[in-house]
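Trainee:
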Amino acid sequence: MNSIQRFFRKYFLSTMGLLLLFLSINILLALTVLIVSYKSSSAPELPVARLAEGITERNGIICSDPQVKKILTENRCWAMLLDDSGTVVWEEGMPKSLPRSYTASEIAKFSRWYLQEYPVYVWEHPLGLFVTAYPKGSMQKYNFSMDSSYLSSGLLGIFMILSANLLFMLLLFWKNTHNVEKAIRPILTGISAMAKGKAVSLEEKGELAEISAEINRTAKMLQNKDAARAQWIGGVSHDIRTPLSVILGYAGSMEDDPSLSSDIRDQAAMIRKQGEKLRRLISDLNLASRLEYAMQPLKKTPISPVELVRQCISDFLNNGLDQKYRLELNTGRNIEPRMIEGDHSLLTRMLGNLIGNSICHNPEGCRILISVTAEKENCRITVADTGQGAGSALLEKLNHMEAIAITQNANGEIIHGNGLKLVKQIVKAHGGKISFSTNTPRGMTVTVELPLYIPAILE
42 MNSIQRFFRK
52 YFLSTMGLLL
62 LFLSINILLA
72 LTVLIVSYKS
82 SSAPELPVAR
92 LAEGITERNG
102 IICSDPQVKK
112 ILTENRCWAM
122 LLDDSGTVVW
132 EEGMPKSLPR
142 SYTASEIAKF
152 SRWYLQEYPV
162 YVWEHPLGLF
172 VTAYPKGSMQ
182 KYNFSMDSSY
192 LSSGLLGIFM
202 ILSANLLFML
212 LLFWKNTHNV
222 EKAIRPILTG
232 ISAMAKGKAV
242 SLEEKGELAE
252 ISAEINRTAK
262 MLQNKDAARA
272 QWIGGVSHDI
282 RTPLSVILGY
292 AGSMEDDPSL
302 SSDIRDQAAM
312 IRKQGEKLRR
322 LISDLNLASR
332 LEYAMQPLKK
342 TPISPVELVR
352 QCISDFLNNG
362 LDQKYRLELN
372 TGRNIEPRMI
382 EGDHSLLTRM
392 LGNLIGNSIC
402 HNPEGCRILI
412 SVTAEKENCR
422 ITVADTGQGA
432 GSALLEKLNH
442 MEAIAITQNA
452 NGEIIHGNGL
462 KLVKQIVKAH
472 GGKISFSTNT
482 PRGMTVTVEL
492 PLYIPAILE
């Protein structure tokens, strides 16, 4: 799953979560409202059964417990007791406007609803029917009845309607998300390709046609600029190569001419050395440009990393390496028969730049140890020197592929950082990794990991 799909899946799942959270909050709020309404409503608070128990008959006289009157007064209610004939045989706070005798049909009516707009509640008593009533307008009474199968069907129907609405809403949102993803995916893919320097050609149609057109124009402009820069670097390198060869030729001839004075021969040697450095700089710049824009084809062949390092060390020693620099080789177990696949010239340039970097930045001399080991499926080549090393800020920039500012070394020579940039590009072109760290107790360590060559098995 690529980053685009992960983004939209995360967006869709988060929206589903928000919808479920919204639904849960609404259900919680609805329950809260119902509970608060129930708590704040004037529901019957009279203990009708206990009040009825407080009505007793003693010696043929019906009397009530003093607590009955107290409860009725506190709740602004009144009560009465009807005998089997419907006559009021006991009362407490009963309005004088109400009759003291009721027929069976009248009792049946007010027992369920109201007695002249008084909400009433009844309770069966051994002496008859106990009736309590609230003040007018203080309460509403409803009678609700429903068949059980109809109630269960209704609840199921409500649940299905809510579920269908939620599912429909999710489907609509998923469809919209899919449409947005479908429209944006080519744009994000184009931006990713443009960042890698690849050609971009998006279809300029739909609601995002203007954005696609801008990306196409931007990608074309960047490609033209990159091509122009690479062409300019290649042209300058080619134009400089001929006069530089002439300069080096004359400087070499003057350096080797015994008829010239020693001062002139020394000056010619200095011109030759600086010219060779300029030639290497131009070569690095041209190669870095070609690697950056994928214009340098790799001629990969199986290579022994140990032999590659040995050859590179021999080249430095044969070219008159100063005695204050000591090159050493350390190989791990079982590394001799192992191979890597790569471009021999580019890997030689990579090692040469790494060793040359240690020499260039340590004019007082140092020990340079090159180690070759096998780590699982990778070949690890380490170049560690005992020189002055690098600060943490510079190491951070090197490890994060940041540009290195142009500086000067102790001899006043310009340090441009193109050599290490070229090393990184060569490693990247071979599918490897590179890291920079501090050598203990002093100096700098550069570690390059390249995939080991695994030959294909022919069936």
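Using the working numbering, the first residue of the sequence shown is number 42, and each one after it goes up by one.
The C-beta atom is built at its ideal place from N, Cα and C for all residues, glycine as well.
Since the structure is predicted, the reported quantities are computational estimates derived from the model, not experimental observations.
In whole angstroms, what separates the C-alpha of Ser-302 from that of Ala-309?
Mentor: Whole-angstrom Cα-Cα distance: 11 Å.
Trainee: Secondary structure at Cys-118, three-state DSSP: helix, strand or coil?
Mentor: coil
Trainee: Do the region 228-248 and the region 256-270 touch if we need at least three Cβ pairs shorter than 8 Å?
Mentor: yes
Trainee: To the nearest angstrom, report how far apart Arg-226 and Ile-381 are at their CA atoms.
Mentor: Answer to the nearest angstrom: the Cα atoms are 38 Å apart.
Trainee: Using a Cβ-Cβ cut-off of 6 Å (strictly less than) and excluding sequence neighbours within five positions of Asn-360, which residues of its own chain qualify?
Mentor: none
Trainee: Provide the residue span of the alpha helix (DSSP H) that contains Tyr-191, from first to last.
Mentor: It spans 189-236 - the alpha helix (DSSP H) in which Tyr-191 sits, taken as one unbroken run.
Trainee: Tell me, which residues are paired with Pro-88 by DSSP?
Mentor: Answer is none; Pro-88 lacks a bridge partner.
Trainee: In angstroms, rounded to a whole number, what distance separates the CA positions of Gly-195 and Ile-202?
Mentor: Rounded to the nearest angstrom, the gap between the Cα atoms of Gly-195 and Ile-202 is 10 Å.
Trainee: Out of Lys-266, Lys-314 and Ser-300, which has the shortest C-alpha to C-alpha gap to Ile-288?
Mentor: Residue Lys-314 is the option with its Cα nearest to Ile-288.
Trainee: How is Pro-343 classed by DSSP in three states: helix, strand or coil?
Mentor: Correct three-state label for Pro-343: strand.
Trainee: If I'm right that Tyr-159 touches Ala-174 with Cβ under 8 Å, what's the distance once you round it to whole angstroms?
Mentor: 4 Å
Trainee: To the nearest angstrom, how far is it from the Cα of Leu-493 to the Cα of Leu-349?
Mentor: Spanning the two alpha carbons is a distance of roughly 14 Å.
Trainee: Look up Arg-483 in the DSSP assignment and say whether it is helix, strand or coil.
Mentor: coil
Trainee: Suppose contacts are defined by Cβ-Cβ distances below 7 Å. Is Asp-426 in contact with Cys-407 by that definition?
Mentor: yes
Trainee: Kindly indicate which residue of Ala-120, Asn-116 and Thr-114 has the alpha-carbon position closest to the one of Cys-104.
Mentor: Ala-120
Trainee: Between which two residues does the alpha helix (DSSP H) carrying Gly-153 extend?
Mentor: With the sequence shown as reference, residue 153 is identified as Arg, and Gly is not the correct amino acid for it. First-last of the alpha helix (DSSP H) with Arg-153: 145-153.
Trainee: Closest by CA to Ile-376, which one among Gly-393, Cys-401 and Asn-419?
Mentor: Asn-419
Trainee: Looking at the unbroken beta strand (DSSP E) that takes in Thr-372, where does it start and where does it end?
Mentor: Where Thr-372 is concerned, the enclosing beta strand (DSSP E) stretches over 366-372.
Trainee: Around the Cβ of Gln-364, are there at least 16 other Cβ atoms within 10 angstroms (buried) or fewer (exposed)?
Mentor: The residue in question, Gln-364, is exposed, as its Cβ has fewer than 16 Cβ neighbours within 10 Å.
Trainee: Would the beta-carbon of Trp-154 fall within 7 Å of that of Lys-111?
Mentor: no
Trainee: Out of Leu-54, Gln-466 and Ile-396, which one is the CA nearest neighbour of Leu-212?
Mentor: Ranking the options by Cα distance to Leu-212, first place goes to Leu-54.
Trainee: Tell whether a beta-carbon distance below 7 Å holds between Ile-507 and Gly-293.
Mentor: The shown model of the chain, from 42 to 500, leaves out residue 507, and the question about it has no answer.
Trainee: Distance, Cα to Cα, Ile-148 vs Met-135?
Mentor: 16 Å
Trainee: Cα separation between Ile-475 and Pro-496?
Mentor: Taking the straight line joining both Cα atoms gives about 24 Å.
Trainee: Compute the Euclidean distance between the alpha carbons of Thr-423 and Ser-478, then round it to the nearest angstrom.
Mentor: 11 Å
Trainee: Just to check my reading of the structure: Ala-93 and Phe-171 have Cβ atoms closer than 8 Å, yes? What is that Cβ distance to the nearest angstrom?
Mentor: About 4 Å; that satisfies the 8 Å criterion.
Trainee: Could I get the ranges of all uninterrupted beta strand (DSSP E) runs contained in the region 374-411, with 3 residues as the minimum, in chain order?
Mentor: Runs found: 381-384.
Trainee: Specify, as a first and last residue, the run of the alpha helix (DSSP H) that Asn-440 falls within.
Mentor: 433-440
Trainee: Of the residues Glu-405, Gln-157, Leu-339 and Gly-101, which one's Cα is nearest the Cα of Ala-470?
Mentor: Taking only the C-alpha atoms, the option nearest Ala-470 is Leu-339.
Trainee: Mind reading off the beta-carbon distance from Arg-306 to Glu-296? Whole number of angstroms is fine, and I expect it under 8 Å.
Mentor: 5 Å
Trainee: Sort Leu-461, Leu-319, Gln-108 and Gln-352 by Cα distance to Ser-399 and report the nearest one.
Mentor: Leu-461
Trainee: Please return the same chain residues whose Cβ sits closer than 7 Å to the Cβ of Leu-113, not counting the five positions on each side in sequence.
Mentor: Trp-119, Ala-120, Glu-133 and Gly-134
Trainee: Leaving aside the five residues before and after Asp-356 along the sequence, list all residues of the same chain whose C-beta is less than 6 Å from its C-beta, in chain order.
Mentor: none
Trainee: Measure the C-alpha to C-alpha separation of Gly-198 and Ala-205 and round it to an integer number of angstroms.
Mentor: Roughly 10 Å between the two C-alpha positions.
Trainee: What does the Cβ neighbour count give for Arg-99, buried or exposed, with the cut at 16 atoms within 10 Å?
Mentor: Arg-99 counts as exposed, since fewer than 16 other beta carbons sit within 10 angstroms of its beta carbon.
Trainee: Just confirm the distance between the C-beta atoms of Val-413 and Gly-373, as a whole number of angstroms; I'd bet it's less than 8 Å.
Mentor: 7 Å
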